[in-house]
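Novice: My questions will all concern the structure given below.
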């Protein structure tokens with residue numbers, strides 16, 4: 014019996030180390046890092062949504078706190094003033110602050126979801 018002494022090559026396959034970008038595929042994260050027009054648009058949309066939430070909070074604060082000096086001038090009762098400031102004003106302020114923080118975090122989470130690789 015004759016034996017074959019030729020070397021055999023073994024091909025090992027695995028996941029590709031580099032992947033080529035498909036035509037027309039873009040990464041929003043790269044667009045932001047390279048400061049392109051599209052990246053600028055992404056960041057501007059995040060800033061606009063954060064500004065919209067902040068302006069809404071400021072408007073509510075002005076409407077909530079603005080009339081208080083007039084109310085305190087008409088009613089000369091220091092006990093009522095402290096009750097309004099402590100019990101009627103503090104809970105809405107805490108709720109408004111909690112809403113703003115939740116809204117800002119949601120805006121940021123939506124932005125991250127938008128620019129992350131899928």
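Residue numbers (this note's numbering): 14 to 131. Ideal Cβ placement from N, Cα and C applies to all residues, glycine included. None of the values given here were measured: they were computed from a predicted structure.
#1: Compare the Cα-Cα distances from residue 97 to each of 60, 109, 81 and report the closest residue.
#2: From what residue to what residue does the alpha helix (DSSP H) around residue 118 run?
#3: Using only the alpha-carbon positions, how far apart do residue 65 and residue 75 sit?
#4: Closer than 8 Å is the cut-off here; do at least three beta carbon pairs connect the stretch 50 to 69 with the stretch 108 to 119?
#5: In whole angstroms, what separates the C-alpha of residue 113 from that of residue 88?
#6: How far does the alpha helix (DSSP H) with residue 26 in it reach, from first residue to last?
#7: Whose CA, out of 30, 24, 106, lies closest to the CA of residue 72?
#8: With distances taken between CB atoms, is the gap from residue 102 to residue 70 smaller than 8 Å?
Specialist: In this structure, then:
#1: As a working note, residue 97 is residue 84 in the chain shown. Residue 97 has its Cα closest to that of 81, out of 60, 109, 81.
#2: The sequence position of residue 118 within the chain shown is 105, counting from 1. Bounds of the alpha helix (DSSP H) holding residue 118 are 103 to 128.
#3: On the chain shown, residue 65 is found 52 positions in, with the first residue counted as 1. On the chain shown, residue 75 is found 62 positions in, with the first residue counted as 1. Rounded to whole angstroms, residue 65 and residue 75 show a C-alpha spacing of 15 Å.
#4: Between the stretch 50 to 69 and the stretch 108 to 119 there are three or more inter-stretch CB-CB distances shorter than 8 Å, so the stretches are counted as touching.
#5: Stepping through the chain shown from its first residue, residue 113 is reached at position 100. Stepping through the chain shown from its first residue, residue 88 is reached at position 75. Their Cα atoms are separated by approximately 32 Å.
#6: In the chain shown, the residue the question calls residue 26 occupies position 13. Run containing residue 26: none; DSSP gives neither H nor E here.
#7: As a working note, residue 72 is residue 59 in the chain shown. Of the listed residues, the one whose Cα sits closest to residue 72 is 106.
#8: As a first step, residue 102 is located in the chain shown; it is residue number 89 there, counting from the start. As a first step, residue 70 is located in the chain shown; it is residue number 57 there, counting from the start. No; because the gap between Cβ atoms is not below 8 Å, this pair is not in contact.
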